[in-house]
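*Asks:* In this note's numbering, each residue carries its 1-based index in the sequence shown increased by 357. The structure that follows is given in the form of structure tokens.
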Amino acid sequence: MTTSETLNYISQQLNIYLGIAMFIFGIIGSLWNMLIFRHYYFRLSSCCIYMLAGSIASLIQLIFGLLIRILSEGFNIDLDLTNIAWCKIRNYITYCASLTALSCFVWTSIDRYLSTCRQIKWRLLNSLFVAKQICLLTIILWMLINIPTLVYMKPIHIIKICTSSSIIWSNILIYFINLFCYGIFPWFFMSIFGVLTLRNLRHIHHQRISPISAALTTRMTRIDHQLTSILFSQIIISMISSIPYLIQIIYANLTRSVVKDTYRQAQENLYYEIVCLAFYLNYVSMFYVNYISSTIFRRLSRKVLINLFKKKEDVSKGITLVNHQRNNKQSRHKKLKIFTTHFHRTTSIL
Numbered sequence: 358m359t360t361s362e363t364l365n366y367i368s369q370q371l372n373i374y375l376g377i378a379m380f381i382f383g384i385i386g387s388l389w390n391m392l393i394f395r396h397y398y399f400r401l402s403s404c405c406i407y408m409l410a411g412s413i414a415s416l417i418q419l420i421f422g423l424l425i426r427i428l429s430e431g432f433n434i435d436l437d438l439t440n441i442a443w444c445k446i447r448n449y450i451t452y453c454a455s456l457t458a459l460s461c462f463v464w465t466s467i468d469r470y471l472s473t474c475r476q477i478k479w480r481l482l483n484s485l486f487v488a489k490q491i492c493l494l495t496i497i498l499w500m501l502i503n504i505p506t507l508v509y510m511k512p513i514h515i516i517k518i519c520t521s522s523s524i525i526w527s528n529i530l531i532y533f534i535n536l537f538c539y540g541i542f543p544w545f546f547m548s549i550f551g552v553l554t555l556r557n558l559r560h561i562h563h564q565r566i567s568p569i570s571a572a573l574t575t576r577m578t579r580i581d582h583q584l585t586s587i588l589f590s591q592i593i594i595s596m597i598s599s600i601p602y603l604i605q606i607i608y609a610n611l612t613r614s615v616v617k618d619t620y621r622q623a624q625e626n627l628y629y630e631i632v633c634l635a636f637y638l639n640y641v642s643m644f645y646v647n648y649i650s651s652t653i654f655r656r657l658s659r660k661v662l663i664n665l666f667k668k669k670e671d672v673s674k675g676i677t678l679v680n681h682q683r684n685n686k687q688s689r690h691k692k693l694k695i696f697t698t699h700f701h702r703t704t705s706i707l
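Structure below.
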């Protein structure tokens, strides 16, 4: 086996073993994120709306992106070359899901900045309604932008790849989608708003002016600090995974017209496979970064795991017990209110 064949073999094995491991951990992490961010503890936080949407988009990206990559690069099962409809739909879904997930990560960093602003007009944007509307508009925007993918994508059997047949759309994919939307924008904007958030946290004491109780305000403040900690960890992961991908895109475009021998092609192919797998850390690592960075997230993770393995009878008994205690508490409160009213009437008569 020549050196070039050895490098190509290493590239294939990386896609099989490392790719499968990343896929399994990514699917588990995304599903677990979805369960946790739907928990009542996080329902008052707009940041968790973005994280929930990002987890769903990451799950779709892992299925239609990483799994198909493992099959094509690791096992030489390329469905894109045999079915033009699958080629178009798969690439469309992959672009929409991956860009939506990265956009939600950026929205998360902006949300954290808004939550620490002194001005009320900016904090008003830090709401559940705004978060839901932004997530919906983000999905619609990327679906509209990527419509040309459904039109121009088709399998090219000469180079054995599913790519765009339009030069204009190919340049847009290379220089706008891949270079900026994948390579520069995510970590750049997350870093900017992360620094601004850190500055706000250092210079002001974050206070919420709202008609909710002091206990709930304290809980939401704790959640805010935990989510900010998660944000900075995600910025680091985004930079680690995106910057090598950015370098690879720039290098590939600069050396497009250079004649390369098989050994150099094998070297570049190995680097490309490593960079692409590293880029999927954006979608794989979210749950694990959250787990390491947040004590609240770790506690809720264990709680979700325990509830998954509980018997339905135990869960029903727990719900019945909570409802019974709540009804007793409301009954005592009502009796106390009636007694107080009767006492005041008696004293007024006297």
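Using N, Cα and C, we set each Cβ at its ideal position, and we do this for glycine too.
Provide the residue span of the alpha helix (DSSP H) that contains K445, from first to last.
*Replies:* I441 to S472 is the extent of the alpha helix (DSSP H) around K445.
*Asks:* Identify whether I604 lies in helix, strand or coil by the three-state DSSP scheme.
*Replies:* I604 falls in the helix class under three-state DSSP.
*Asks:* Could you tell me the distance, in whole angstroms, from the CA atom of T495 to the CA atom of M358?
*Replies:* Going from the Cα of T495 to the Cα of M358 covers about 49 Å.
*Asks:* For M500 and T360, what's the separation of their Cα atoms in angstroms?
*Replies:* Cα to Cα, the separation comes out at about 43 Å.
*Asks:* Determine the closest residue to F644 out of T451, K445 and G411, with distance taken between C-alpha atoms.
*Replies:* Cα-wise, what sits closest to F644 is G411.
*Asks:* Within 10 angstroms of its Cβ, does L481 collect 16 or more other Cβ (buried), or is it exposed?
*Replies:* Exposed.
*Asks:* Given a cut-off of 8 Å, decide if L419 and S387 are closer than it, judged by their beta-carbon atoms.
*Replies:* Going by C-beta atoms, S387 is nearer than 8 Å to L419.
*Asks:* What residue range does the beta strand (DSSP E) around M510 cover?
*Replies:* M510 -> beta strand (DSSP E) spans M510 to I513.
*Asks:* Rounded to whole angstroms, what's the CA-CA distance from S650 to S642? Just pull it up for me.
*Replies:* Rounded to the nearest angstrom, the two C-alpha atoms are 12 Å apart.
*Asks:* Do the CB positions of F462 and Q583 come within less than 8 Å of each other?
*Replies:* Contact: no.
*Asks:* On the DSSP letters alone, give me the boundaries of the beta strand (DSSP E) that S614 sits inside.
*Replies:* Here S614 belongs to no beta strand (DSSP E), and DSSP marks it neither H nor E.
*Asks:* Within a Cβ cutoff of 8 Å, which residues of the same chain sit near I373, ignoring the five residues on either side of it in sequence?
*Replies:* Contacts found: I427, G431 and F432.
*Asks:* Cα separation between C519 and I600?
*Replies:* Cα to Cα, the separation comes out at about 25 Å.
*Asks:* Might you give, ordered along the chain, the residues of its own chain that have their beta carbon closer than 7 Å to the beta carbon of V508, omitting 5 neighbours on each side?
*Replies:* There are no such residues.
*Asks:* Can at least three beta-carbon pairs, one atom from the segment 542-558 and one from the segment 465-474, be found at a separation below 8 Å?
*Replies:* Taking 8 Å as the limit for Cβ pairs, the verdict is that the segment 465-474 does touch the segment 542-558.
*Asks:* Alpha carbon to alpha carbon, what distance is there between Y366 and N528?
*Replies:* When rounded, the distance between both Cα atoms is 31 Å.
*Asks:* Run the CB neighbour count on N610, radius 10 Å, all protein chains shown included, and call it buried at 16 or more, exposed below.
*Replies:* Exposed, by the Cβ-count rule.
*Asks:* Can you tell me where the alpha helix (DSSP H) holding T363 begins and where it ends?
*Replies:* Start and end: T360 to Q370.
*Asks:* Taking the straight line between their C-alpha atoms, what separation do you get for V616 and Q622?
*Replies:* In a straight line, the C-alpha of V616 is about 10 Å away from that of Q622.
*Asks:* Would you call the segment 633-641 in contact with the segment 377-387, where contact means no fewer than 3 C-beta pairs closer than 8 Å?
*Replies:* Verdict: yes, contact present.
*Asks:* In three-state terms, what does DSSP make of I518?
*Replies:* Strand.
*Asks:* When the Cα of L485 is compared with those of I502, I513, Y539 and M408, which residue comes out closest?
*Replies:* Of the candidates I502, I513, Y539 and M408, the one whose C-alpha sits nearest the C-alpha of L485 is M408.
*Asks:* Measure from the alpha carbon of F636 to the alpha carbon of each residue in W389, W526 and S455, then state which is nearest.
*Replies:* For F636, the nearest C-alpha among the options comes from S455.
*Asks:* Rank M547, I525 and L375 by C-alpha distance to the C-alpha of L459 and give the top, closest one.
*Replies:* The residue with the shortest Cα to Cα distance from L459 is M547.
*Asks:* Within 10 angstroms of its Cβ, does S614 collect 16 or more other Cβ (buried), or is it exposed?
*Replies:* S614 should be labelled exposed.
*Asks:* So the candidates are K478, P512, I606 and N626; which of them puts its Cα closest to the Cα of T363?
*Replies:* The candidate whose alpha carbon is nearest that of T363 is N626.
*Asks:* Please determine, among I594, C404 and N448, the residue with the shortest C-alpha to C-alpha distance to W544.
*Replies:* Ranking the options by Cα distance to W544, first place goes to I594.
*Asks:* Cutting at 8 Å between CB atoms, please list the residues of its own chain near T677, excluding the five before and the five after it.
*Replies:* Any reading at T677 is ruled out, since the residue's pLDDT is 42, under 50, leaving its predicted position unreliable.
*Asks:* With respect to the alpha helix (DSSP H) encompassing G383, which residues constitute its N-terminal and C-terminal limits?
*Replies:* Its alpha helix (DSSP H) spans residues G376 to F394.
*Asks:* Can you list, in chain order, the residues of its chain with a C-beta nearer than 7 Å to that of C404? Leave out the 5 residues immediately preceding and following it.
*Replies:* Counting only Cβ-Cβ distances below 7 Å, and skipping sequence neighbours, we find T465, D468, R469 and L584.
*Asks:* Using the rule of at least 16 other Cβ atoms within 10 Å of the residue's Cβ for burial, across every protein chain shown, is T713 buried or exposed?
*Replies:* Coverage of the chain is limited to positions 358 through 707, which leaves residue 713 absent and any answer about it impossible.
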